[in-house]
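Chains as they are written, first to last, in full-length UniProt numbering: chain R, 1 to 143; chain P, 1 to 143.
Where is the CB? At the ideal position from N, CA and C, for every residue including glycine.
Worksheet: the structure to be examined is printed underneath.
2 protein chains.
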Amino acid sequence: MNIGDAAKASGVSAKMIRYYEQTGLIPPADRTASGYRDYSDKDVHVLRFIRRSRDLGFSVAEITELLALWQDRSRQSADVKALARSHITALRQKIENLQQMADTLQTLADCCAGDHRPDCPILTDLETDDDDLLVVKPRTGAI
Amino acid sequence: MNIGDAAKASGVSAKMIRYYEQTGLIPPADRTASGYRDYSDKDVHVLRFIRRSRDLGFSVAEITELLALWQDRSRQSADVKALARSHITALRQKIENLQQMADTLQTLADCCAGDHRPDCPILTDLETDDDDLLVVKPRTGAI
DNA sequence: GATAGGGCTTCCCATGGTGGTAAGGTCAAG
DNA sequence: CTTGACCTTACCACCATGGGAAGCCCTATC
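Written out as structure tokens, the structure is:
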């Protein structure tokens, strides 16, 4: 199977398949006599695994570990679970950061008249010399 | 004031100050006779504005707009509010994506024994040929 | 006045994951 | 045999940030 077909079958773009090969996430593909990469159903299966992992937000480095575990028949599910939980923690941290930003901004937007006048609490907040950032608590005169 | 002091005073690294200048977010700084960049308190004020905006997740492109509005005395607060709301929407979208990932992963992790045995629903899910991704609903035999 | 150290300058490189594009080879159908 | 679709490699770009090297400048101490 050519790279284009493998891409369609796996949902990973041809571009990314080459990239994954180049960076060592997957081993170099077999080549036809003319130099085309040649993929088996098994290869596509691996690519699907990778895509699914990416969809769940795992980094390529983490996927390297996941793949190793996946292909290790004597793995311990505890190792997989630990990896997953560590990733969940990272995701939750990111969510928290973004939520904090959104909350702060929402609070500011709620205070903004949003009309033709120039006065705007959002800008006032942005120029505030306050170093306690991203906190949605009353700030002297700012909110 | 040298760039190092401006960095300390604003919370923006010297590296990033140069970058912002180079990319046109801020105008070229004044220079001393010997070629050192020279910053005023006003410049630091702008840098603080930028840092605060970055802390709220605005991109440099968005900050360009925010700065323009900030420095436009005849601005309309509606424009600022629109920018903020559009950013809030983007943040919420990101949060939703991450939340979906975290939920799916949490569900899988909850189903994983996490012991010495190799059987692991997380890996089973990752290799599933299911294209309806990121959905935390029962999937035939996968969860 | 010399020297040491820290700060400044520019320039280049790397990150991560993805897309684009250009020049050229290959394959299959008409 | 031509055409078009596909493949190859090799670059460039994104975005925001950090690292480092080579060399100049400033200040403090001896």
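Alpha-carbon to alpha-carbon, R:Ser74 and R:Leu83: By 1-based counting over the first sequence, the position of residue 83 of chain R is 83. By 1-based counting over the first sequence, the position of residue 74 of chain R is 74. For R:Leu83 and R:Ser74, the distance between alpha carbons rounds to 16 Å.
Boundaries of the alpha helix (DSSP H) in which P:Pro28 is found, first to last residue: On the second sequence, residue 28 of chain P is found 28 positions in, with the first residue counted as 1. Unbroken run through P:Pro28: none, as it is neither H nor E.
Beta-carbon separation (whole angstroms), R:Leu123 vs P:His87, contact threshold 8 Å: The residue given as residue 123 of chain R occupies position 123 in the first sequence. The residue given as residue 87 of chain P occupies position 87 in the second sequence. No, R:Leu123 and P:His87 are not in contact; Cβ-Cβ is about 14 Å, not under 8 Å.
Burial state of P:Arg117 (16 or more Cβ within 10 Å): Within the second sequence, numbered from 1, the residue matching residue 117 of chain P stands at position 117. Burial call: exposed.
R:Asp55 (DSSP reduced to helix, strand or coil): What you label residue 55 of chain R is simply residue 55 of the first sequence in a count that begins at 1. Three-state result, R:Asp55: helix.
Proximal residues to P:Ala14 (C-beta, below 7 Å), its chain only, five neighbours per side dropped: Numbered from 1 along the second sequence, position 14 holds the residue referred to as residue 14 of chain P. Correct list, in chain order: Ile3, Gly4, Ala7.
Strand pairing of R:Leu38, partner residues [DSSP]: Reading the first sequence from its first residue, position 38 is the one you call residue 38 of chain R. Looking at the sequence shown, residue 38 of chain R is not Leu but Asp. R:Asp30, per the DSSP bridge assignment.
Element boundaries [alpha helix (DSSP H), containing R:Glu127]: The residue given as residue 127 of chain R occupies position 127 in the first sequence. Annotation for R:Glu127: no alpha helix (DSSP H) segment contains it, and DSSP assigns it neither H nor E.
P:Asp115, DSSP secondary structure in three states: Here residue 115 of chain P is taken as the residue at index 115 of the second sequence, counted from 1. Of the three classes helix, strand and coil, the one that applies to P:Asp115 here is coil, per DSSP.
CA-to-CA distance, P:Asp38 to P:Ile63, given in whole angstroms: Against the second sequence, residue 63 of chain P aligns to sequence position 63. Against the second sequence, residue 38 of chain P aligns to sequence position 38. Each residue's alpha carbon lies about 23 Å from the other.
Spatially closest choice to residue 145 of chain P from P:Asp119, P:Phe58, P:Thr128, P:Ala9, by CA coordinates: Since the first residue of chain P shown is 1 and the last is 143, residue 145 of chain P is not available in this structure.
First and last residue of the uninterrupted alpha helix (DSSP H) at R:Val60: Here residue 60 of chain R refers to the residue found at position 60 when the first sequence is read from its first residue. From DSSP, the alpha helix (DSSP H) with R:Val60 extends over 60–70.
Own chain, CB closer than 7 Å to R:Ile17, minus 5 neighbours either side, in chain order: Here residue 17 of chain R corresponds to residue number 17 of the first sequence, with the count starting at 1. Here the set comprises Ile3, Ala6, Ala7, Leu47.
Proximal residues, the region 71–90 of chain P versus chain R, C-beta separation under 7 Å: Arg73, Ser74, Arg75, Gln76, Ser77, Ala78, Val80, Lys81, Ala84, Arg85, His87, Ile88
Coarse secondary structure for R:Val46, derived from DSSP in three states: Counting from one through the first sequence, the residue named residue 46 of chain R turns up at place 46. In the structure shown, R:Val46 sits in a helix (DSSP, three-state: H, G or I).
CB contact below 8 Å: P:Ala109 versus chain R: For this step, residue 109 of chain P is matched to residue 109 along the second sequence. Flagged as an interface residue toward chain R: P:Ala109, by a C-beta distance shorter than 8 Å.
7 Å CB neighbourhood of residue 144 of chain P in its chain, flanking five on each side removed: This structure does not reach residue 144 of chain P, given that chain P is present from 1 up to 143, and the question cannot be answered.
Chain R contact for P:Met101 (CB, 8 Å cutoff): Residue numbering aside, residue 101 of chain P sits at position 101 when the second sequence is read from its first letter. Judged by the 8 Å Cβ criterion, P:Met101 is in contact with chain R.
Helix, strand or coil at R:Val80 [DSSP, three-state]: Here residue 80 of chain R refers to the residue found at position 80 of the first sequence. Here R:Val80 carries a helix assignment [DSSP, helix/strand/coil].
Whole-Å CB distance - residue 145 of chain R paired with R:Asp79, under 8 Å assumed: Shown here, chain R extends from 1 to 143; a query on residue 145 of chain R therefore has no answer.
Beta-carbon gap between P:Gly114 and R:Lys81 smaller than 8 Å: Working through the second sequence from its first residue, we reach residue 114 of chain P at position 114. Working through the first sequence from its first residue, we reach residue 81 of chain R at position 81. Yes.
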